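Colleague: Sharing a structure below in C-alpha cells format, with a few things to ask.
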Amino acid sequence: MSILKVARLGHPVLRGIADDVAPDELSSPALQKLIDDMIETMKEYDGVGLAAVQVHEPKNIAVLEVADSPRYPNKPKVPLAVLVNPSFTPLSDETEEDWEGCLSIPELRGVVPRYKSIRVQARDRHGNKLELTASGFHARVIQHEWDHLHGKVFFDRMRDLSTLAYLQELSRYGAAR
Ligand SMILES: [Zn+2]
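To convert a position in the sequence shown, counted from 1, into our numbering, add 433.
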C-alpha cells in the first residue's frame, strides 16, 4: 500500500465531477489497490474521509472512518466504509451547523450547515448494494465527501465565511463568532 499525494484547493481535479465506477471495474486489481491506498492515505493524515478526486483520481469513490482522530476528537466513532457511486437523500429538511476541515484545505476550519439525517445508497468495494441511514457527524462526513465527488468543497457550502479559522488559532481563542 502507498500513501498518495493529496490534491490541494486550486488543483482542477477538485472541481471536476467524478466518473461513476462500472461494476466490472471493481474487479480490477488496480482499482482495489486505489481503494486500499485511499484508506491508507486517509489514516496517515488523520482524515475522517477521503474522496478519490482528492488523490487525483476522478472516480466516484469515497472512504470514511471516524476512529480516534486527533483532528476530530470527541466525535462518535464510525466504522470504516468504502462508498462507490454514493447518492443520498435527506430524511428531513433539518440542518445543523458544525465545524469542518478538509485534507485538501490544510489547517482551515469553518462552520458548515449540513442535513442532520440522510439515507445513503452506494455500492461497497465488491459491488454489493449498500443502504444505510446516517445522522450527525457521520451524515456530515458523507455529505462532505459527496460534495468532493461533485466538484465542491466545504467553502462552497458555508453561510458565513467569517467563521473561517486556522485550527491552531481556533484551539487557542475559540470561535471568533
Ligand atoms: Zn474534504
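Ideal Cβ positions, reconstructed from N, Cα and C, are used throughout, including at glycine. For clarity, every value in this text was computed on a predicted model and none was experimentally measured.
CB of Leu-536 to nearest heavy atom of ligand 1: below 7 Å?
Modeller: It does: the Cβ of Leu-536 is within 7 Å (strictly closer) of some heavy atom of ligand 1.
Colleague: Between which two residues does the alpha helix (DSSP H) holding Ser-604 run?
Modeller: Here the alpha helix (DSSP H) through Ser-604 covers 600-606.
Colleague: Please classify His-559 as buried or exposed, where buried requires at least 16 other C-beta atoms within 10 Å of its C-beta.
Modeller: When all chains shown are included, His-559 counts as exposed.
Colleague: Using the Cβ count rule (16 or more neighbours within 10 Å means buried), how would you classify Tyr-548?
Modeller: With 16 or more Cβ atoms within 10 Å of its Cβ, Tyr-548 is classed as buried.
Colleague: Can you tell me which of the three DSSP states Arg-573 falls into?
Modeller: Three-state DSSP puts Arg-573 in a helix.
Colleague: Just the C-alpha distance for Ile-468 and Asp-457, rounded to the nearest angstrom, thanks.
Modeller: When rounded, the distance between both Cα atoms is 15 Å.
Colleague: Ordered along the chain, which non-local residues of its own chain (more than five positions away) have a Cβ less than 7 Å from that of Ala-572?
Modeller: Result list for Ala-572: Arg-547, Tyr-548, Lys-549, Ser-550 and Ile-551, in chain order.
Colleague: Pop quiz: Pro-512 and Glu-498 are said to be a contact at Cβ under 8 Å. What is the actual Cβ separation, rounded to whole angstroms?
Modeller: With a Cβ gap of about 7 Å, Pro-512 and Glu-498 count as contacting.
Colleague: Identify the continuous beta strand (DSSP E) that holds Ile-494 and give its terminal residues.
Modeller: Note, Ile-494: beta strand (DSSP E), 494-499.
Colleague: With a CB to CB cut of under 8 Å and the five nearest residues on each side skipped, what residues in its chain are close to Ile-538?
Modeller: Arg-441, Leu-442, Val-586, Phe-587 and Phe-588, listed in sequence order.
Colleague: Quick one: is His-577 buried, meaning 16 or more other Cβ sit within 10 Å of its Cβ, or exposed?
Modeller: So His-577 ends up on the buried side.
Colleague: Just to confirm, is the Cβ distance from Asp-470 to Val-515 under 8 Å?
Modeller: In this structure, Val-515 does not lie closer than 8 Å to Asp-470 by Cβ.
Colleague: Taking the straight line between their C-alpha atoms, what separation do you get for Lys-492 and Leu-563?
Modeller: So the alpha carbons of these two residues sit roughly 18 Å apart.
Colleague: Less than 8 Å between the C-beta atoms of Gly-482 and Arg-504, yes or no?
Modeller: In this structure, Arg-504 does not lie closer than 8 Å to Gly-482 by Cβ.
Colleague: Helix, strand or coil, according to DSSP, for Pro-462 in the structure here?
Modeller: In this structure, Pro-462 counts as helix in the three-state DSSP scheme.
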